Amino acid sequence: MAEDPVRELQDLVGALNDWLRFQRRLGRAGVRREAGPPAAAPAAAPSERPTLAQVREELGDCRRCKLSQGRTNIVFGQGSPQARLMFVGEGPGAEEDAQGLPFVGEAGRLLNNMLNKLGLQREEVYIANVVKCRPPGNRDPEADEVAACLPFLRRQVESIRPRVLVALGRVAAHALLETNTPLTRLRGQWQHFGKVPLMPTFHPSYLLRFPRERHKTWEDMQRVMKELVSHEDH
Ligand code: SF4
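Once you know that position 140 of the sequence shown is 142 in our numbering, the rest is easy, because the numbers rise by one and skip nothing.
Following this line, the structure appears as structure tokens:
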């Protein structure tokens with residue numbers, strides 16, 4: 003199954019069929035969500051739902067943790083404010099720090115390819131990180147840094163109200179789920195971040211180093227697509 007191109011093609015066709023069905027239910031070829039809260043959204047009064055611009059303003063020229071000292075840019079996040087699907091990585095790397103955008107390096111290109119295979123454009127999803135400033139030497143963010151930055155990611159989720167979250171990699175999965183369970187045990191299993199279904203999977207950087215594992219993330223994304231479609235069926 004893992005390296006079977008026929009199976010992979012079948013999976014791809016299945017995913018595309020699901021996606022086309024999903025789009026037909028929207029009544030158009032575009033995939034942006036129409037106005038109104040999604041069925042699975044966290045219950046919150048309209049006044050409690052911030053706009054992304056408000057969250058960005060709250061963040062300001064953030065100095066709440068020591069990662070501010072080495073950053074070039076705050077990498078707030080990128081994508082549709084109405085995204086159904088939101089990805090969360092661990093933190094900016096060198097290219098992301100330089101450009102102020104998430105997932106713009108080689109790992110970002112792999113993520114883009116995966117999205118395209120699923121019939122999605124990057125502009126339709128939202129991509130953010132657990133910490134918004136680059137950790138020195140690309141080390142893992144430390145607990146105090148995650149604690150300082152996570153409230154703003156939580157606010158972004160409150161604003162966007164995605165139907166599904168995908169945690170890319172161990173650091174994101176552990177931060178969002180507040181667990182130390184190995185990613186190899188978490189991935190492929192539905193979890194929740196608040197009320198939002200969350201799928202942990204491998205980080206694209208890991209998949210660049212271990213391409214034979216890519217089929218696992220592909221399988222996880224099939225689950226994500228099915229979950230997205232199931233929301234449209236209700
Ligand atoms: S990582 Fe987050 S909390 Fe720390 S300085 Fe940057 S924006 Fe602020």
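Quick reminder that beta carbons are idealized off the backbone N, C-alpha and C, glycines included.
Nothing here was measured: the structure is a model prediction, and the numbers come from that model.
Beta-carbon gap between residue i and residue j smaller than 9 Å
{"i": "Glu-60", "j": "Leu-87", "result": "no"}
{"i": "Gln-193", "j": "Leu-179", "result": "yes"}
{"i": "Glu-97", "j": "His-205", "result": "no"}
{"i": "Arg-163", "j": "Val-132", "result": "no"}
{"i": "Pro-202", "j": "Arg-189", "result": "yes"}
{"i": "Leu-185", "j": "Ala-177", "result": "no"}
{"i": "Asp-99", "j": "Cys-135", "result": "yes"}
{"i": "Phe-89", "j": "Ile-129", "result": "yes"}
{"i": "Gly-72", "j": "Pro-138", "result": "yes"}
{"i": "Phe-195", "j": "Leu-167", "result": "yes"}
{"i": "Arg-51", "j": "Cys-151", "result": "no"}
{"i": "Gly-81", "j": "Arg-124", "result": "yes"}
{"i": "Thr-219", "j": "Leu-210", "result": "no"}
{"i": "Pro-104", "j": "Val-77", "result": "yes"}
{"i": "Thr-53", "j": "Ser-207", "result": "no"}
{"i": "Val-57", "j": "Arg-157", "result": "yes"}
Residues bridged to residue i (per DSSP)
{"i": "Ala-169", "result": "Val-90, Pro-202"}
{"i": "Phe-195", "result": "Val-198"}
{"i": "Gly-190", "result": "For Gly-190, which the question treats as bridged, DSSP gives no partner whatsoever."}
Collapsed DSSP secondary structure at residue i in the structure displayed
{"i": "Ala-100", "result": "helix"}
{"i": "Asn-131", "result": "strand"}
{"i": "Asp-146", "result": "helix"}
{"i": "Pro-185", "result": "According to the sequence shown, residue 185 is Leu rather than Pro. In the structure shown, Leu-185 sits in a helix (DSSP, three-state: H, G or I)."}
{"i": "Phe-154", "result": "helix"}
{"i": "Glu-180", "result": "coil"}
{"i": "Arg-211", "result": "helix"}
{"i": "Ala-85", "result": "coil"}
{"i": "Arg-34", "result": "Since pLDDT at Arg-34 reaches only 42, below the 50 mark, its modelled position is unreliable, and no value is offered."}
{"i": "Leu-69", "result": "helix"}
{"i": "Pro-138", "result": "helix"}
{"i": "Arg-51", "result": "coil"}
Residue i beta carbon near the ligand SF4 (any heavy atom closer than 8 Å)
{"i": "Ala-109", "result": "no"}
{"i": "Arg-65", "result": "yes"}
{"i": "Ala-150", "result": "yes"}
{"i": "Ser-207", "result": "no"}
{"i": "Val-159", "result": "no"}
{"i": "Leu-178", "result": "no"}
{"i": "Glu-50", "result": "no"}
{"i": "Glu-92", "result": "no"}
{"i": "Arg-73", "result": "yes"}
{"i": "Val-133", "result": "yes"}
{"i": "Glu-144", "result": "no"}
{"i": "Glu-59", "result": "no"}
{"i": "Leu-103", "result": "no"}
{"i": "Ile-129", "result": "no"}
{"i": "Ser-70", "result": "yes"}
{"i": "Glu-98", "result": "no"}
{"i": "Phe-89", "result": "no"}
{"i": "Glu-147", "result": "yes"}
{"i": "Ile-162", "result": "no"}
{"i": "Leu-212", "result": "Note that residue 212 is Phe in the sequence shown here, rather than Leu. Outside the cutoff, so no."}
{"i": "Phe-154", "result": "yes"}
First and last residue of the uninterrupted beta strand (DSSP E) at residue i
{"i": "Ile-76", "result": "No beta strand (DSSP E) contains Ile-76, which DSSP labels as neither H nor E."}
Span of the alpha helix (DSSP H) around residue i
{"i": "Gly-110", "result": "108-119"}
{"i": "Leu-61", "result": "54-61"}
{"i": "Arg-225", "result": "216-234"}
Heavy atom of the ligand MG within 8 Å of residue i beta-carbon
{"i": "Ala-150", "result": "Of the ligands this structure carries, namely the ligand SF4, none is the ligand MG."}
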